[in-house]
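What follows is a short report on a single structure.
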Amino acid sequence: MELVLQQCVNALQWGSFYALIALGYTLVYGVLRLINFAHGDIFMVGAYLAFFISTALLAPDGMFAFPRELVLALTIPLTMIFTSLVGVTLERVAYRPLMRKGAHRLYVVITALMCGLILENGNLALLGASRKTLPVLLDKSVYDLWGIAVTNLKLWVILAAVLVFLALHFIVVKTRIGMAMRAVSWDKFALPLMGIPLDSVIVFTFILGSGVAGLGGLLFAMSYPVLEPYMGAMTGWKAFIAAVVGGIGDIRGAFAGGFLLAFVEVMVAAFLPSTFRDLFAFSILLLILWQRPTGIFGKPLTSKI
Amino acid sequence: MQRYAINIFFLVAAVTLVGLAQAGMLDKYVLTVITFMGINCIFAVSLNLVNGYMGEFSCGHGGFMCVGAYAGSLLSVAFFTNSKLFGAALFAPELAPFLFPLVLIGAGLAAALFGLIVALPSFHTRDDYLAIITIAANYIIISIVENIDAIGGPRGFSGMKKVVGLMTDVANVPWMLIWTIIGLFACVMIIYRLMTSTYGKGISAVCQNEVAAEIMGINTNRVKIMAFMVSSGLAGLSGALYAHVYGYVNAQAFNILKSTEGLVMVYLGGMGSISGVLLAAVAFTLLIEVLRFVIPWLNDVLHATGLLAVNYELGQVWKWVIIPLVLILLMQFRPEGFLGNRELTHVFPRLRRWITFR
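Same order as they appear, the protein sequences are chains A and B. Residue numbering for the first sequence follows the working numbering, starting at 340 and increasing by one per position. Residue numbering for the second sequence follows the working numbering, starting at -13 and increasing by one per position.
This is the structure we're talking about:
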């Protein structure tokens, strides 16, 4: 029983990472109907940016040499800002010109895939294959809750995911810009006629999505401090699958899907040989999609002929 | 006579290629590159059936290549060699060149069977949801293969070099090049014939509008099953060839990156254009190989002109930065790929005089 509960905590932590990435996928998809396959690599960029920022701020003989708490407090917003800059750059340089030309949606998807490859391999080429290690930003303390060991970091990760989810949900559902975002996905052509600036809504979406991915990268790097250029690829694909299972385009779906995937993965790895993890996780997802083709929260679209 | 000019041209080209290889005029490296070009062509053209003609977004095609590679290697090892896994050879080793087509067909059938993983859910699912199912299928297949310890699991599987050796014992010709050419020819023929048949019109109709196609009396489920199975079967054929050329298979060689390569070739060539995709597959393979030489040269030039820091070497990693960059630029300037959805004969109508393609 304790083992199950302990694994549940781990699953919640992994689910938070998946959810943080899946939220970015789903935001962009909800607005543009574009699968932003570079998103997993933006997550990786976030982790690397966190590494550079925190090392620069911590360096004892450097310009700053701040105490660790202050470094953490500065690293979080700086990582999110710089990561969202990367995301917006991708949108401006690669996606927007292509969409302006009215290219088929799938060509934009391929461009996104290629951008992801450039980020991965460019990183490998520029920084080399030596792995980076994020400095310790948070003193580890272990709480004992009813026999389950929980580190403070895990709690922060889960809390961050929940808070981000609530904030995004609030933005999309309650605010004016959120209304504009939902309107873009509703009808992209009528929107400019209503006086809503289409481009700034799209840029805002990318800022939100990439910023959240950057936060995810920072938290991931704090939990598993060894960074490598391909860390975003696998996690990104899985988070995308999670977003689709939840019902892509719906924020609740991304959140639920991320945790669902993590639970399946962690439980399979805990009770079966861990090599079966992918097999079971993906088979279950396939069955879910077979039974509910639009995901858990997705609504079936009716199309006119 | 004039109308068969292209067919004769291809025949002569193939024979010349094999002749050159036989005479030892091509060194091993060039021969391997040409063979891989053919394999990539088969892979891309088979993916084109689903992604181009049927308009679905399948991004897990590497998985079917994996099934084909393993099925083909297992069959040929079981047929022609004494192995620990299967015991004594089923057939005399002299029969290897004659029964090798059976191996290829078996690999194709096995891959087609696995195509059902994607085909069955596609009845209710479209677009991005189907894309996910294909990715999941890719992961599932790799995971299954890696969990079967008898065929090597994550260590991979080898022993196909022996079979190729047996074929060369019978007749000393470049067998794998010949099989690849035959496979490519068969693949292009199958897809071309399929797309010009009534079934093929059904596939195009599903691409244009699935609901309308159904109303017009097309059994869309049957069309989808067939398209997915043919497509994955041909990918399996390319996998079997790959396994025998390489002499070693590993499930991770067919992961999502391989599928991405296939997607790149299809979208570079233009969706729904056999000739475009063939061109793109050749160009893509060439680009990869050319960069192998260009990068060291660029490194020397940049060091000589002092543009690059002395302690930094331009490595082969840059290949996978340059290739996506080239592709992104190509997409910006020619978003529909080389030929769009037209064939070469539509772009250059004069060519039509020289072709009958039936």
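Even for Gly, the Cβ is constructed at its ideal location relative to N, Cα and C. If you're wondering where the values come from, they're calculated on a predicted model, not measured in any experiment.
Annotation: the continuous beta strand (DSSP E) that includes A488(A) extends over 487 to 490. Each of M212(B), C173(B), I168(B) was checked against the Cα of I189(B), and the nearest Cα belongs to M212(B).
Between L293(B) and V427(A), the alpha-carbon positions lie close to 30 Å from each other.
Between G363(A) and chain B, the shortest Cβ-Cβ separation is not below 8 Å. The straight-line gap separating the alpha-carbon atoms of F143(B) and I127(B) is approximately 15 Å. Annotated as distal: V235(B) and Y125(B), with beta-carbon spacing of 8 Å or more. Inter-residue distance for V551(A) and M317(B) is about 29 Å (C-alpha atoms, whole angstroms).
Between the C-alpha atoms of L106(B) and D589(A) there is a straight-line separation of about 26 Å. When the Cα atoms are used, S218(B) and V303(B) turn out to be separated by approximately 31 Å. One Cα belongs to G101(B), the other to N491(A), and the distance between them is close to 46 Å. Beyond the five residues adjoining it in sequence on each side, L397(A) comes within less than 6 Å, by CB distance, of V410, P474 in the same chain, given in chain order.
For T111(B), the chain A residues whose Cβ falls inside 9 Å of its Cβ are L628, W629, P632, T633, in order along the chain.
One finds G301, V303, W304, V307 in chain B with Cβ atoms closer than 7 Å to the Cβ of A464(A), taken in chain order. Using a CB distance cut-off of 8 Å, Y446(A) counts as an interface residue toward chain B. Burial state of T291(B) is exposed, judged by a 10 Å Cβ sphere holding fewer than 16 other Cβ atoms.
Taking C-beta atoms as the reference points, T450(A) and I176(B) fail to come closer than 8 Å. An exposed status is given to Y482(A), since fewer than 16 other beta-carbon atoms sit within 10 Å of its beta-carbon.
The beta carbon of D286(B) does not come within 8 Å of any beta carbon belonging to chain A, so the residue lies off that interface. Leaving aside the five residues that flank A519(A) on each side, the residues in its chain whose CB is nearer than 8 Å to its CB run, in chain order, L530, I535, V540. The three-state reading of DSSP puts V475(A) in coil, since its state is none of H, G, I, E or B.
In this structure, G222(B) sits away from A74(B), with a CB-CB distance that is not shorter than 8 Å. One thing to note: N133(B) has its Cβ within 8 Å of the Cβ of L618(A).
Residue state for S480(A) is assigned as coil, using DSSP reduced to three classes. Of P436(A), M340(A), G548(A), the smallest CA-CA separation from A361(A) is found for G548(A). The beta carbon of A595(A) is closer than 8 Å to those of G585, I635, F636 in its chain, skipping five residues each way along the sequence.
If the five residues before and after M11(B) are omitted, its C-beta is found closer than 7 Å to no C-beta atom of its own chain. For F615(A) and L325(B), the gap between their C-alpha atoms comes out near 43 Å. Scanning its chain for C-beta atoms nearer than 7 Å, with the 5 sequence neighbours on each side dropped, one finds around N375(A) the residues Y364, V367, A451, in chain order. In the three-state scheme derived from DSSP, where H, G and I count as helix and E and B as strand, G379(A) is classed as helix. Separation of D526(A) and T166(B) (C-alpha to C-alpha, rounded to the nearest whole angstrom) is 49 Å. Taking the C-beta atoms as reference points, L600(A) is found nearer than 8 Å to I580(A). Listed along chain B, the residues sitting closer than 7 Å to I457(A) by beta-carbon distance are V307, P310, L311. Setting aside the 5 residues that flank it on each side, A78(B) has no residue in the same chain whose C-beta is closer than 8 Å to its C-beta.
Across the set V104(B), E275(B), S59(B), the C-alpha of E275(B) shows the shortest separation from the C-alpha of Y15(B). Within the segment 419 to 436 of chain A, contact with chain B at the beta-carbon level (separation under 9 Å) is assigned to V432, A433, P436. Restricting attention to N26(B), V19(B), I119(B), N34(B), the CA atom closest to the CA of R631(A) is found in I119(B).
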